[in-house]
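Undergrad:
Protein chains: 2
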Amino acid sequence: MLRLVSRAARCWGARRGLARVHPAAMQQACLSSTAAGTGTWPKDVGILALEVYFPAQYVEQSELESYDGVEAGKYTRGLGQQQMGFCAAHEDINSLCLTVVQRLVERGRLSWDAIGRLEVGTETVIDKSKAVKTVLMELFRESGNTDVEGIDTTNACYGGTASLFNAASWVESSAWDGRYAVVVCGDIAVYATGNARPTGGAGAIAMLVGPNAPLVLERGLRGTHMEHAYDFYKPDLSSEYPVVDGPLSIQCYLRALDRCYAVYRRKAESQWQQAGIQRPFTLDDFKFIIFHTPFCKLVQKSVGRLLLNDFLAATNPDTASGLYKGLQPFRGMKLEDTYTSKEVEKAFQTASQEIFNQKTKPSLLLSSRNGNMYTPSMYGCLASLLAQCSAQDLAGSRIGAFSYGSGLAASMFSLRVSQDAAPGSPLDKLLSSLADLPARLDARKRVAPQDFADIMKRREETHHLANHTPHGSQADLFPGTWYLERVDDKYRRQYARKPM
Amino acid sequence: MLRLVSRAARCWGARRGLARVHPAAMQQACLSSTAAGTGTWPKDVGILALEVYFPAQYVEQSELESYDGVEAGKYTRGLGQQQMGFCAAHEDINSLCLTVVQRLVERGRLSWDAIGRLEVGTETVIDKSKAVKTVLMELFRESGNTDVEGIDTTNACYGGTASLFNAASWVESSAWDGRYAVVVCGDIAVYATGNARPTGGAGAIAMLVGPNAPLVLERGLRGTHMEHAYDFYKPDLSSEYPVVDGPLSIQCYLRALDRCYAVYRRKAESQWQQAGIQRPFTLDDFKFIIFHTPFCKLVQKSVGRLLLNDFLAATNPDTASGLYKGLQPFRGMKLEDTYTSKEVEKAFQTASQEIFNQKTKPSLLLSSRNGNMYTPSMYGCLASLLAQCSAQDLAGSRIGAFSYGSGLAASMFSLRVSQDAAPGSPLDKLLSSLADLPARLDARKRVAPQDFADIMKRREETHHLANHTPHGSQADLFPGTWYLERVDDKYRRQYARKPM
Numbered sequence: 001m002l003r004l005v006s007r008a009a010r011c012w013g014a015r016r017g018l019a020r021v022h023p024a025a026m027q028q029a030c031l032s033s034t035a036a037g038t039g040t041w042p043k044d045v046g047i048l049a050l051e052v053y054f055p056a057q058y059v060e061q062s063e064l065e066s067y068d069g070v071e072a073g074k075y076t077r078g079l080g081q082q083q084m085g086f087c088a089a090h091e092d093i094n095s096l097c098l099t100v101v102q103r104l105v106e107r108g109r110l111s112w113d114a115i116g117r118l119e120v121g122t123e124t125v126i127d128k129s130k131a132v133k134t135v136l137m138e139l140f141r142e143s144g145n146t147d148v149e150g151i152d153t154t155n156a157c158y159g160g161t162a163s164l165f166n167a168a169s170w171v172e173s174s175a176w177d178g179r180y181a182v183v184v185c186g187d188i189a190v191y192a193t194g195n196a197r198p199t200g201g202a203g204a205i206a207m208l209v210g211p212n213a214p215l216v217l218e219r220g221l222r223g224t225h226m227e228h229a230y231d232f233y234k235p236d237l238s239s240e241y242p243v244v245d246g247p248l249s250i251q252c253y254l255r256a257l258d259r260c261y262a263v264y265r266r267k268a269e270s271q272w273q274q275a276g277i278q279r280p281f282t283l284d285d286f287k288f289i290i291f292h293t294p295f296c297k298l299v300q301k302s303v304g305r306l307l308l309n310d311f312l313a314a315t316n317p318d319t320a321s322g323l324y325k326g327l328q329p330f331r332g333m334k335l336e337d338t339y340t341s342k343e344v345e346k347a348f349q350t351a352s353q354e355i356f357n358q359k360t361k362p363s364l365l366l367s368s369r370n371g372n373m374y375t376p377s378m379y380g381c382l383a384s385l386l387a388q389c390s391a392q393d394l395a396g397s398r399i400g401a402f403s404y405g406s407g408l409a410a411s412m413f414s415l416r417v418s419q420d421a422a423p424g425s426p427l428d429k430l431l432s433s434l435a436d437l438p439a440r441l442d443a444r445k446r447v448a449p450q451d452f453a454d455i456m457k458r459r460e461e462t463h464h465l466a467n468h469t470p471h472g473s474q475a476d477l478f479p480g481t482w483y484l485e486r487v488d489d490k491y492r493r494q495y496a497r498k499p500m
Numbered sequence: 001m002l003r004l005v006s007r008a009a010r011c012w013g014a015r016r017g018l019a020r021v022h023p024a025a026m027q028q029a030c031l032s033s034t035a036a037g038t039g040t041w042p043k044d045v046g047i048l049a050l051e052v053y054f055p056a057q058y059v060e061q062s063e064l065e066s067y068d069g070v071e072a073g074k075y076t077r078g079l080g081q082q083q084m085g086f087c088a089a090h091e092d093i094n095s096l097c098l099t100v101v102q103r104l105v106e107r108g109r110l111s112w113d114a115i116g117r118l119e120v121g122t123e124t125v126i127d128k129s130k131a132v133k134t135v136l137m138e139l140f141r142e143s144g145n146t147d148v149e150g151i152d153t154t155n156a157c158y159g160g161t162a163s164l165f166n167a168a169s170w171v172e173s174s175a176w177d178g179r180y181a182v183v184v185c186g187d188i189a190v191y192a193t194g195n196a197r198p199t200g201g202a203g204a205i206a207m208l209v210g211p212n213a214p215l216v217l218e219r220g221l222r223g224t225h226m227e228h229a230y231d232f233y234k235p236d237l238s239s240e241y242p243v244v245d246g247p248l249s250i251q252c253y254l255r256a257l258d259r260c261y262a263v264y265r266r267k268a269e270s271q272w273q274q275a276g277i278q279r280p281f282t283l284d285d286f287k288f289i290i291f292h293t294p295f296c297k298l299v300q301k302s303v304g305r306l307l308l309n310d311f312l313a314a315t316n317p318d319t320a321s322g323l324y325k326g327l328q329p330f331r332g333m334k335l336e337d338t339y340t341s342k343e344v345e346k347a348f349q350t351a352s353q354e355i356f357n358q359k360t361k362p363s364l365l366l367s368s369r370n371g372n373m374y375t376p377s378m379y380g381c382l383a384s385l386l387a388q389c390s391a392q393d394l395a396g397s398r399i400g401a402f403s404y405g406s407g408l409a410a411s412m413f414s415l416r417v418s419q420d421a422a423p424g425s426p427l428d429k430l431l432s433s434l435a436d437l438p439a440r441l442d443a444r445k446r447v448a449p450q451d452f453a454d455i456m457k458r459r460e461e462t463h464h465l466a467n468h469t470p471h472g473s474q475a476d477l478f479p480g481t482w483y484l485e486r487v488d489d490k491y492r493r494q495y496a497r498k499p500m
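Residue numbers (UniProt numbering), protein chains in the order written: chain E, 1 to 500; chain Y, 1 to 500.
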């Protein structure tokens with residue numbers, strides 16, 4: 001069903017010098033230890049490379065405010081959003097993921113043979129049974145490599161993180177055969193007309209996972225919180241739009257943040273204690289903090305929320321000067337009593353303003369200019385941070401990461417950036433590959449709100465039609481983008497790729 | 001939204017003596033090695049316990065033949081099916097999984113705190129965003145344990161296997177904190193009236209995964225084949241019914257079987273070579289073989305197919321006597337040319353009849369009497385095998401396992417049964433817990449085809465309705481079964497549990 005099939009290229013490791021051992025040799029080594037029934041984890045498992053795809057068109061949030069007839073600043077200052085990327089009907093979750101995986105492999109000069117696992121996190125479900133993953137296997141066809149584990153994972157915006165954790169565990173397990181894992185997350189976030197619409201977005205991110213990574217998943221440092229909630233869900237399967245209880249969802253997000261941070265801190269402090277260090281973990285221990293970003297303003301509030309956590313956990317905080325100055329009235333509060341308190345929110349947002357500016361603001365480039373990508377959202381924050389920091393700024397730092405998916409599933413974990421910031425180092429290469437993000441955002445086409453609304457209407461009308469050629473022009477795609485060409489009478493989808 | 005919440009019970013390990021180290025101690029040990037950045041895999045990771053849920057009502061396939069006006073034997077001899085379990089509208093994927101997970105924890109006297117990972121494999125998607133996993137978190141509410149990783153995985157019938165692999169990797173990884181993983185797979189397999197309807201079924205299986213297991217996932221022995229195919233999929237999201245290309249799906253299944261067996265054998269032979277053993281891997285090296293079972297007849301053909309693989313791979317097979325007697329005309333055939341050959345199928349099915357009877361037939365109890373459960377299908381075969389073999393028969397044996405999900409994703413792997421078959425051993429306890437399977441099947445209520453058809457019609461009519469009380473009576477449920485009590489106007493689902 002796929003028209004264009006990509007060419008296998010040279011091994012990524014060969015060019016980048018990251019795979020210190022050839023995959024085949026690694027496989028052999030792994031099988032040896034496997035045969036013995038014992039084995040150890042490889043070193044520095046994490047993210048080796050990262051590719052971003054976002055649509056080539058967007059709408060200005062300030063223009064949307066005026067088009068929607070809401071007060072000026074409601075979307076821009078109120079939500080913290082500048083622009084929103086969107087797809088016409090000829091882009092679907094399969095085309096988004098095809099594009100970003102091919103981009104990862106082509107730009108990294110990776111061989112399709114060198115991938116032993118590929119999994120997809122998404123909530124843009126267009127088939128209840130068939131995974132996006134198996135559509136992506138078309139990219140592997142010429143290589144003959146079909147021994148590629150992993151399928152799709154789903155829980156709202158959390159799927160990418162679940163896939164990343166699965167991939168890292170696989171690399172550390174006896175099932176690992178020395179090849180890379182690829183984690184893809186992608187979504188098209190669209191809402192019915194109304195309040196929630198400006199919190200949409202679309203995009204996909206692919207990550208290459210393996211040992212000796214410049215971004216290492218810190219071992220043992222992971223706090224998870226899962227519970228049953230109906231804050232945001234998609235029970236009307238014939239519609240692209242979710243059912244959302246906005247206020248409940250914000251409370252769920254913040255409660256999950258509190259719980260995850262508590263578990264994360266406890267694990268970090270326990271590791272320190274074993275090393276003879278007795279002190280509390282605080283925000284100071286993260287050089288940067290990235291968040292799942294439904295809208296940017298919530299992230300700014302979240303930094304304040306973490307400061308509230310630090311403040312309440314501190315045994316004797318100085319409220320006369322410094323960071324906690326003037327916060328004495330909030331001593332003794334209980335976290336669970338403060339989710340709807342505007343007073344608490346304002347006080348801690350003000351107190352954490354500088355922390356936000358330093359540790360988090362640079363990560364919001366994609367979120368503010370492309371909008372909420374759902375599963376890739378937090379990884380878009382990571383890409384934004386890497387695109388705007390120098391290797392020297394990042395080297396050796398710890399990046400805190402909070403991933404949230406409604407329903408709900410959330411984890412806080414951390415990435416340790418490698419110390420080696422030299423030109424040509426894995427870190428330098430990773431940053432270089434992302435440096436063009438701002439220019440790529442600038443290169444998009446601005447679409448007037450009325451045209452955006454028309455396109456959304458056509459998506460709605462043609463969503464899930466069989467025997468159908470979707471609306472959308474090749475001209476509105478970046479070169480190298482896969483798109484949906486045709487859905488036949490048996491709902492089979494046929495894709496083509498716009499030439500590079 | 002859940003009415004009844006279960007009671008936390010004593011730790012499973014405490015009663016069964018399987019968890020040789022207390023979870024907290026294990027967590028500590030893990031954190032130590034984590035802090036050091038190195039670690040080794042725990043011993044014998046695999047399945048510690050297994051629970052099965054199937055509906056309390058069924059239809060006779062022979063009666064269905066007559067009701068459908070097809071020739072006698074079409075479903076019974078042609079497909080190899082005897083009976084088919086089915087659910088009224090008050091059972092959905094959430095209720096199935098709630099029931100089986102609670103059964104696993106209650107019967108195992110496991111503490112909810114002792115579970116650190118829970119994930120769900122299913123293709124019975126009733127919400128595109130919210131995972132079944134988060135509904136299951138209601139069971140953990142009283143315990144306060146929310147640090148439970150894992151979400152839902154989807155690729156047709158393969159989701160359970162993906163979850164099992166993920167869970168085992170997690171136990172071997174640095175993310176493991178010493179607690180158990182639980183893998184749940186469940187599905188309601190229903191088809192529109194016509195040819196495919198008698199291949200339905202419904203059920204759920206929960207597995208407890210950890211170290212020191214009586215059923216060990218053999219390390220390094222795993223062959224996977226994934227490709228893009230439209231053999232069976234569910235693109236009409238408003239319907240419970242799939243789109244099926246039956247002949248294509250059988251070809252895809254058999255091709256995947258060939259490919260997975262080839263990869264599995266290569267890995268097994270490579271392990272042997274490293275141990276100085278030079279010989280081909282054959283069916284003889286599996287004492288038992290279990291398969292994903294869309295219908296039992298396909299599994300019988302599949303055993304023949306594996307024999308064809310052995311035969312074509314053999315350098316100089318004896319066709320004058322023994323197993324391969326009379327098969328000389330098939331020498332030199334290519335696997336890919338034989339998928340539709342009735343001649344090849346018949347010859348190798350006949351030749352493999354005894355192998356099928358010994359290695360596979362006992363595993364088809366649930367498949368033949370309850371039908372296709374989709375994701376739990378192969379694990380139902382495992383349960384059937386364990387329910388009908390003695391500990392002595394099983395001890396030390398290798399069980400080959402072939403998991404297939406349309407779309408397509410497939411893996412062959414193997415389980416090594418522990419040597420210890422003594423009364424009170426983990427193996428003995430596991431078998432004892434499953435010994436009542438035949439009696440539980442006998443205890444179901446037989447429903448006439450017309451009533452079955454009426455219930456299916458009502459499922460179809462009320463599928464995905466909001467503000468709705470589903471059809472179905474508590475009387476048609478086994479004690480302890482969760483059921484869907486109400487769907488409110490915002491599609492939020494409320495469950496209750498029939499008393500034990």
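Heads up, the beta-carbon is just placed ideally off N, CA and C, and yes, glycines get one too.
Note that the structure is predicted; figures quoted are calculated from it, not measured.
Check whether the Cβ of PRO242(Y) lies closer than 8 Å to any Cβ atom in chain E.
TA: Residue mapping note: residue 242(Y) aligns to position 242 of the second sequence, counting from 1. Closer than 8 Å to some Cβ of chain E, the Cβ of PRO242(Y) qualifies, so yes.
Undergrad: Report yes if the C-beta distance between GLN82(Y) and LYS445(Y) is below 8 Å; otherwise report no.
TA: Reading the second sequence from its first residue, position 82 is the one you call residue 82(Y). Reading the second sequence from its first residue, position 445 is the one you call residue 445(Y). No; because the gap between Cβ atoms is not below 8 Å, this pair is not in contact.
Undergrad: Go through its chain and collect everything with a Cβ distance to LEU431(Y)'s Cβ below 6 Å, but skip five positions before and after it.
TA: Position 431 of the second sequence, counting from 1, holds the residue named residue 431(Y). Counting only Cβ-Cβ distances below 6 Å, and skipping sequence neighbours, we find LEU386, ALA391.
Undergrad: For TRP41(E), which three-state DSSP category applies?
TA: Walking along the first sequence from the start, residue 41(E) turns up at place 41. Looking at TRP41(E) - three-state DSSP - the assignment turns out to be coil, as it is neither helix nor strand.
Undergrad: Given a threshold of 16 other Cβ atoms within 10 Å of its Cβ, counted over all protein chains shown, does ASN357(Y) qualify as buried or as exposed?
TA: For the purposes of this step, residue 357(Y) is identified with residue 357 of the second sequence, where counting begins at 1. Burial call: exposed.
Undergrad: If you draw a straight line from the C-alpha of TYR483(E) to the C-alpha of LYS346(Y), how long is it?
TA: Taking the first residue of the first sequence as position 1, residue 483(E) is located at position 483. Taking the first residue of the second sequence as position 1, residue 346(Y) is located at position 346. Distance between the alpha carbons of TYR483(E) and LYS346(Y) is about 45 Å.
Undergrad: What in chain Y is Cβ-close to MET137(E), meaning under 8 Å?
TA: Start at 1 with the first residue of the first sequence, and residue 137(E) comes out as number 137. What MET137(E) touches in chain Y: MET226, GLU227, HIS228.
Undergrad: Mind pulling the chain Y residues with CB within less than 8 Å of ASN155(E)?
TA: Taking the first residue of the first sequence as position 1, residue 155(E) is located at position 155. Those within 8 Å of ASN155(E) in chain Y are SER129, LYS130, ALA131, LYS133, THR134, ILE151, ASP152.
Undergrad: Of all the CB atoms in chain Y, is at least one closer than 8 Å to the CB of LYS297(E)?
TA: Looking up residue 297(E) in the first sequence gives position 297. False, the Cβ-Cβ gap to chain Y never drops below 8 Å.
Undergrad: Classify MET137(E) as helix, strand or coil using the three-state DSSP reduction.
TA: By one-based count along the first sequence, residue 137(E) stands at place 137. The answer is helix: DSSP assigns MET137(E) an H, G or I state.
Undergrad: Distance check for LYS498(Y) and HIS471(Y), CA to CA, integer angstroms please.
TA: What you label residue 471(Y) is simply residue 471 of the second sequence in a count that begins at 1. What you label residue 498(Y) is simply residue 498 of the second sequence in a count that begins at 1. Whole-angstrom Cα-Cα distance: 15 Å.
Undergrad: Compute the distance between the beta-carbons of LEU104(E) and VAL182(E), then report whether it is under 8 Å.
TA: Residue 104(E) sits at position 104 when you count from the first residue of the first sequence. Residue 182(E) sits at position 182 when you count from the first residue of the first sequence. For LEU104(E) and VAL182(E), yes; Cβs fall inside 8 Å.
Undergrad: Please return the same chain residues whose Cβ sits closer than 6 Å to the Cβ of GLY480(E), not counting the five positions on each side in sequence.
TA: Against the first sequence, residue 480(E) aligns to sequence position 480. Closer than 6 Å at the Cβ level, and outside the excluded window around GLY480(E), lie MET500.
Undergrad: Given a threshold of 16 other Cβ atoms within 10 Å of its Cβ, counted over all protein chains shown, does LYS334(Y) qualify as buried or as exposed?
TA: The residue you call residue 334(Y) lines up with position 334 of the second sequence. Flag for LYS334(Y) reads exposed.
Undergrad: Whose C-alpha, out of SER302(E), PHE86(E), ILE126(E), is nearest the C-alpha of ARG492(E)?
TA: Residue mapping note: residue 492(E) aligns to position 492 of the first sequence, counting from 1. When each option's Cα is compared against that of ARG492(E), the closest is ILE126(E).
Undergrad: Whose C-beta lies closer than 8 Å to the C-beta of LEU254(Y) among residues of the same chain, with five residues either side of it excluded?
TA: Here residue 254(Y) is taken as the residue at index 254 of the second sequence, counted from 1. Correct list, in chain order: LYS301, SER302, ARG305, TYR339.
Undergrad: So that I know if they touch, is there some Cβ in chain Y lying closer than 8 Å to that of ASN467(E)?
TA: The residue you call residue 467(E) lines up with position 467 of the first sequence. Answer no: the Cβ-Cβ gap between ASN467(E) and chain Y never drops below 8 Å.
Undergrad: Give a yes or no on whether 8 Å exceeds the smallest Cβ distance from GLU91(Y) to chain E.
TA: Here residue 91(Y) is taken as the residue at index 91 of the second sequence, counted from 1. No - not a single Cβ of chain E is within 8 Å of the one on GLU91(Y).
Undergrad: Grab the span of the alpha helix (DSSP H) containing ASP285(E) for me, first residue to last.
TA: Within the first sequence, residue 285(E) is the residue found at index 285, counting from 1. Counting along the chain, ASP285(E) falls outside any alpha helix (DSSP H), and DSSP gives it neither H nor E.
Undergrad: With respect to the alpha helix (DSSP H) encompassing TYR324(Y), which residues constitute its N-terminal and C-terminal limits?
TA: By 1-based counting over the second sequence, the position of residue 324(Y) is 324. Note, TYR324(Y): premise wrong, no alpha helix (DSSP H); not H, not E.
Undergrad: Three-state secondary structure (DSSP) at ALA401(E)?
TA: Locating residue 401(E) in the first sequence gives position 401, where the first residue counts as 1. Strand.
Undergrad: Any idea if TYR174(Y) is buried or exposed, counting beta-carbon neighbours within 10 angstroms, 16 or more meaning buried?
TA: Taking the first residue of the second sequence as 1, we reach residue 174(Y) at position 174. A quick correction: the sequence has Ser, not Tyr, at residue 174(Y). Per the 10 Å Cβ criterion, buried.
Undergrad: Three or more C-beta pairs closer than 8 Å, one from the region 438-454 of chain Y and one from the region 225-238 of chain Y: is that the case here?
TA: Taking 8 Å as the limit for Cβ pairs, the verdict is that the region 225-238 of chain Y does not touch the region 438-454 of chain Y.
Undergrad: Interface residues of chain E around HIS464(Y) at Cβ under 7 Å?
TA: Position 464 of the second sequence, counted from the start, is the residue given in the question as residue 464(Y). Correct list: LEU237.
Undergrad: I need the boundaries of the beta strand (DSSP E) containing GLY220(E), first residue and last residue.
TA: Translated into the one-based positions of the first sequence, residue 220(E) becomes position 220. 215-226 is the span of the beta strand (DSSP E), which, as asked, contains GLY220(E).
Undergrad: Span of the beta strand (DSSP E) holding PHE413(Y)?
TA: As a working mapping, residue 413(Y) is identified with position 413 in the second sequence. First-last of the beta strand (DSSP E) with PHE413(Y): 409-417.
Undergrad: Might you give, ordered along the chain, the residues of its own chain that have their beta carbon closer than 6 Å to the beta carbon of GLY46(Y), omitting 5 neighbours on each side?
TA: Stepping through the second sequence from its first residue, residue 46(Y) is reached at position 46. For GLY46(Y), where only same-chain residues beyond five positions count, the Cβ hits under 6 Å are ALA213, LEU215, VAL216, LEU217.
Undergrad: According to DSSP, is ILE277(Y) part of a helix, a strand, or is it coil?
TA: The count along the second sequence starts at 1 and reaches residue 277(Y) at position 277. The answer is coil: DSSP assigns ILE277(Y) none of H, G, I, E or B.
Undergrad: Against chain E, with Cβ distances strictly below 8 Å, would GLU51(Y) count as a contact?
TA: Position 51 of the second sequence, counted from the start, is the residue given in the question as residue 51(Y). False, the Cβ-Cβ gap to chain E never drops below 8 Å.
Undergrad: Look at the alpha carbon of ILE289(Y) and the alpha carbon of LYS359(Y), and state the distance between them as a whole number of angstroms.
TA: For the purposes of this step, residue 289(Y) is identified with residue 289 of the second sequence, where counting begins at 1. For the purposes of this step, residue 359(Y) is identified with residue 359 of the second sequence, where counting begins at 1. Going from the Cα of ILE289(Y) to the Cα of LYS359(Y) covers about 6 Å.
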